[in-house]
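Chemist: Here it is, the structure in full.
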Amino acid sequence: MATTAEKVKETTAAEEVDLTDGFHLVIDALKLNGIETIYGVPGIPITDLGRLAQGNGMRVISFRHEQNAGNAAAIAGFLTKKPGICLTVSAPGFLNGLTALAHATTNCWPMILISGSSEREVVDLMQGDYEEMDQLAIAKPLCKAAYRVLHAEDIGIGVARAIRAAVSGRPGGVYLDLPAKLFSQVMEAAKGEQSLVKVIDAAPAQIPGPDAVKRAVDVLKGAKKPLIILGKGAAYAQADEEIRKFVEGTGIPFLPMSMAKGLLPDNHPQSAGAARSTALLESDVVVLVGARLNWLLSHGKGKQWGPRGSKKFIQIDIEPKEMDSNVEIAAPLVGDIGSVLGELNKALSGAPKPAADWVKTINDKKEANISKMAAKLGKNSSPMDFHSALGALKQVIKERPDAILVNEGANTLDLARGIIDMYKPRKRLDVGTWGVMGVGMGSAIAAAVETGLPVLAVEGDSAFGFSGMEVETVCRYNLPITIVIFNNNGIYRGVDKDPTGRDPATTVFVPDARYDKMMEAFGGKGYYATTPDELKRMVDEAMDAGKPALINAVIDPAAGSESGNIGNLNPQSVVTKKK
Ligand code: ADP
Ligand code: TZD
Ligand code: MG
Numbered sequence: 002m003a004t005t006a007e008k009v010k011e012t013t014a015a016e017e018v019d020l021t022d023g024f025h026l027v028i029d030a031l032k033l034n035g036i037e038t039i040y041g042v043p044g045i046p047i048t049d050l051g052r053l054a055q056g057n058g059m060r061v062i063s064f065r066h067e068q069n070a071g072n073a074a075a076i077a078g079f080l081t082k083k084p085g086i087c088l089t090v091s092a093p094g095f096l097n098g099l100t101a102l103a104h105a106t107t108n109c110w111p112m113i114l115i116s117g118s119s120e121r122e123v124v125d126l127m128q129g130d131y132e133e134m135d136q137l138a139i140a141k142p143l144c145k146a147a148y149r150v151l152h153a154e155d156i157g158i159g160v161a162r163a164i165r166a167a168v169s170g171r172p173g174g175v176y177l178d179l180p181a182k183l184f185s186q187v188m189e190a191a192k193g194e195q196s197l198v199k200v201i202d203a204a205p206a207q208i209p210g211p212d213a214v215k216r217a218v219d220v221l222k223g224a225k226k227p228l229i230i231l232g233k234g235a236a237y238a239q240a241d242e243e244i245r246k247f248v249e250g251t252g253i254p255f256l257p258m259s260m261a262k263g264l265l266p267d268n269h270p271q272s273a274g275a276a277r278s279t280a281l282l283e284s285d286v287v288v289l290v291g292a293r294l295n296w297l298l299s300h301g302k303g304k305q306w307g308p309r310g311s312k313k314f315i316q317i318d319i320e321p322k323e324m325d326s327n328v329e330i331a332a333p334l335v336g337d338i339g340s341v342l343g344e345l346n347k348a349l350s351g352a353p354k355p356a357a358d359w360v361k362t363i364n365d366k367k368e369a370n371i372s373k374m375a376a377k378l379g380k381n382s383s384p385m386d387f388h389s390a391l392g393a394l395k396q397v398i399k400e401r402p403d404a405i406l407v408n409e410g411a412n413t414l415d416l417a418r419g420i421i422d423m424y425k426p427r428k429r430l431d432v433g434t435w436g437v438m439g440v441g442m443g444s445a446i447a448a449a450v451e452t453g454l455p456v457l458a459v460e461g462d463s464a465f466g467f468s469g470m471e472v473e474t475v476c477r478y479n480l481p482i483t484i485v486i487f488n489n490n491g492i493y494r495g496v497d498k499d500p501t502g503r504d505p506a507t508t509v510f511v512p513d514a515r516y517d518k519m520m521e522a523f524g525g526k527g528y529y530a531t532t533p534d535e536l537k538r539m540v541d542e543a544m545d546a547g548k549p550a551l552i553n554a555v556i557d558p559a560a561g562s563e564s565g566n567i568g569n570l571n572p573q574s575v576v577t578k579k580k
């Protein structure tokens, strides 16, 4: 029996019609929609897809593990508002990419996981095909939408649906299943071109109703101690000017969530970052701008927030279901942040500034906390503790505000978040809503690829280990990434002992491991830092060079605390078992 390709050739040979196939249609569909980069790992059945994409001018960044490629795609989505693309092989490659797809969805970032798959007829009868798996069914509960394309003429519409699903409304992850046979399906090139779809207005503006705006303005005008919380949805929205106008126009103190740091500089006079507890506890009206009342904000209730009923929330979010998720929202503002703040800014022009005593309460607390911290940061100790090492890196980012900071770990994460000030939007990339270890190298690589800016990745030694093999990828693409490993010999600390004395404790690693040698193995530059001065000098040298570098920063193994700042979430056994 003739294949589709042969049949088309036979019937069209006389006229010498130009042909296209599934491979080319996927690439054309992505390019037509402005997608220029693919992150992935090659193999059956998508090797040629990556090769052809590269040949057709797309940037194809090949990783050592799909999870890292997926994390790169997720961060690309956050940074660009276009879906980041992760391309994987079937079953195992797909599953490796799936964690990142779920992570993107959890964080509300647009991403499309495209995986090759085995043929339906074989999968459905479970006949034991190579990497056989019903990938579509498995992906569905872990993402926003999942589609499978069976016919080449549907590739255009399939890609269009995937893009729209990823970026419209609340952004998220989308799975696109492409069975092996699809790629070699052939059709006339002209018909193929006609079948492509350029998505029009992929993420339509969502404008809040006038009643909702009025309600919010009334609540805000009744406030004595208002507070604005900026979340990573605000960073994603790229409505930086409206956000600045809203904060500065109202004069209300603001608190940035982790990845919203830098929307307004952390040294802004209205920043309440260093007075977080006071701001949460004492405020009476809280405006949430693209921030959910999830665990990161203690669900909007409990000790941190003061007595029940002492707060009114105004929430700006594109997702209507987010309202009342944990506590009552007095004034829901459903819409995109740019449109909502545009309306609010108009309605609030000329409104009175918050009372001076509230601003003073925040500022006094802030100044006290900042000077307490300054003493800890300035020490030039050896071995370094987290504070002295982070003091050096705080200075690096102050001098290089355009650099992108990637950050993961426990102590390394929590302390860096508090200590390193950010000055510009979308410059801090971290573990997100789930607190995922292993996002570091994928994030760093995507940040460098998407922005061309220098990247400083500040990594716990454990966190780094989850994606450490990607230093080869960093070197292969010669990216301007400087990695600093906070090497305290383990997870949280490096001093635990196995109570039986048989094995290493579960939280410790090989002591004094030389992560810098890993970088050297692939042609990058390795450094070994034992003091904050050395660390600063080495980071500066590496970032000036703009080439792959890894600095092994030796941190006192006893300095950290278990689970960093979230020890309260870490259950501990209270039972002593009798022998
Ligand atoms: P953080 O962890 O920084 O507090 P979250 O991830 O919890 O932030 O919240 C981000 C919120 O932003 C989500 O509820 C999401 O629906 C919302 N969001 C994302 N993009 C937009 C946008 N363009 N306009 C309005 N809301 C948005
Ligand atoms: N696995 C995944 C995917 N995510 C996680 N968050 C964890 C495991 C648990 N975990 C944390 O929450 S932090 C952490 C783990 C393993 C590592 C902390 O060690 P570190 O940082 O070396 O990265 P510090 O500086 O030593 O605290
Ligand atoms: Mg560690």
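If you count the sequence shown from 1, position 521 lands on 522 in our numbering, and the numbers rise without skipping. Beta carbons are placed, not taken as given, at the ideal position from N, Cα and C, and that holds for glycine.
(1) Does the beta-carbon of I421, which I'm using as the reference point, lie nearer than 6 Å to any heavy atom of the ligand TZD?
(2) What are the boundary residues of the alpha helix (DSSP H) that Q396 is part of?
(3) Kindly examine the ligand TZD and report whether one of its heavy atoms sits closer than 6 Å to the Cβ of A348.
(4) Is V555 buried or exposed, if buried means 16 or more other CB atoms sit within 10 Å of its CB?
(5) According to DSSP, simplified to helix, strand and coil, what is C476?
(6) Run the proximity test for K233: is its beta-carbon closer than 6 Å to any non-hydrogen atom belonging to the ligand FAD?
(7) Kindly indicate the opening and closing residues of the alpha helix (DSSP H) around Q68.
(8) Touch check for the segment 62 to 74 and the segment 464 to 472: three-plus C-beta pairs under 8 Å?
(9) Given a cut-off of 7 Å, decide if I398 and I371 are closer than it, judged by their beta-carbon atoms.
(10) Look up D178 in the DSSP assignment and give the residues it is bridged to.
(11) By a C-beta neighbour count over all protein chains shown, 10 Å radius and 16 as the cutoff for buried, is K312 buried or exposed?
(12) Keeping to the same chain, check which residues put their C-beta closer than 6 Å to that of E320; ignore five residues upstream and five downstream.
(13) So K235 and V290 are supposed to be a Cβ contact under 8 Å. How far apart are they, rounded?
(14) When DSSP labels each residue in this structure, what does L20 get in the three-state scheme?
(15) Less than 8 Å between the CB atoms is what I'm expecting for P533 and M385, so what's the real figure, rounded?
(16) Let me confirm a value: I39 is counted as buried when at least 16 other C-beta atoms fall within 10 Å, else exposed. Which label applies?
(17) Just to check my reading of the structure: V328 and L334 have Cβ atoms closer than 8 Å, yes? What is that Cβ distance to the nearest angstrom?
(18) Hey, quick one: how far does the beta strand (DSSP E) through S63 stretch, first residue to last?
(19) Which of the three DSSP states, helix, strand or coil, is assigned to N268?
(20) Heavy atom of the ligand TZD less than 6 Å from the Cβ of T413, yes or no?
(21) Is T81 near E451, with beta carbons less than 7 Å apart?
(22) In the DSSP assignment, find the alpha helix (DSSP H) that holds V540 and state where it starts and stops.
(23) Checking the sheet assignment: what are the DSSP bridge partners for G85?
(24) Taking 6 Å as the limit between beta carbons, can you name the residues of its chain near L114, skipping five residues before and five after?
(25) Determine which residues share a DSSP beta bridge with T483 and list them.
(26) With a floor of 3 residues, list each beta strand (DSSP E) that falls wholly inside the segment 257 to 323, ordered by position along the chain.
(27) Contact check, K246 vs N346 under 8 Å by CB: the rounded distance?
(28) Consult DSSP for Q446 and reduce its assignment to one of helix, strand or coil.
(29) Using 8 Å as the threshold, is the segment 254 to 272 in touch with the segment 207 to 221, meaning 3 or more CB pairs across them?
(30) Look at the Cβ atom of S562, then the Cβ atom of N571, and state whether they are nearer than 7 Å.
Modeler: Per the coordinate set shown:
(1) With a threshold of 6 Å, the Cβ atom of I421 does not count as near the ligand TZD, since no heavy atom of the ligand is closer than that.
(2) Unbroken alpha helix (DSSP H) run through Q396: F387 to E400.
(3) False, no ligand heavy atom lies under 6 Å from that Cβ.
(4) The residue is buried, with at least 16 neighbouring Cβ atoms inside 10 Å.
(5) The answer is helix: DSSP assigns C476 an H, G or I state.
(6) Here the bound small molecules are the ligand ADP, the ligand TZD and the ligand MG; the ligand FAD is not part of this structure.
(7) Start and end: E67 to T81.
(8) Contact between the segment 62 to 74 and the segment 464 to 472 is present, because at least three Cβ pairs lie under 8 Å.
(9) For I371 and I398, no; Cβs fall outside 7 Å.
(10) For D178, which the question treats as bridged, DSSP gives the partners S116 and R149.
(11) By the neighbour-count rule (16 or more Cβ atoms within 10 Å), K312 is buried.
(12) Excluding the 5 residues flanking it on each side, E320 has same chain C-beta neighbours closer than 6 Å at R171, in chain order.
(13) Correcting the residue type first, residue 235 is Ala in the shown sequence and not Lys. Right, the Cβ-Cβ distance comes to about 5 Å (below 8 Å), so this counts as a contact.
(14) L20: strand per DSSP, three-state reduction.
(15) Contact flag correct, Cβ pair sits at about 6 Å.
(16) With 16 or more Cβ atoms within 10 Å of its Cβ, I39 is classed as buried.
(17) Wrong, their Cβ atoms sit about 16 Å apart, outside the cutoff.
(18) Membership of S63 in the beta strand (DSSP E) is indicated by the continuous run R60 to S63.
(19) The answer is coil: DSSP assigns N268 none of H, G, I, E or B.
(20) Short note on T413: C-beta closer than 6 Å to some heavy atom of the ligand TZD.
(21) Closer than 7 Å, so yes.
(22) Note, V540: alpha helix (DSSP H), P533 to A546.
(23) The partner list for G85 (beta bridge, DSSP) reads M112.
(24) So the qualifying residues of the chain are C87, G98, L102 and Y176.
(25) BP columns for T483 point to L457 and A550.
(26) Qualifying beta strand (DSSP E) stretches, in chain order: 286 to 290 and 313 to 318.
(27) About 5 Å; that satisfies the 8 Å criterion.
(28) One detail in the question is off: residue 446 reads as Ile in this sequence, not Gln. Looking at I446 - three-state DSSP - the assignment turns out to be helix.
(29) They do not touch, by the three-pair rule.
(30) S562 places its beta carbon 7 Å or farther from that of N571.
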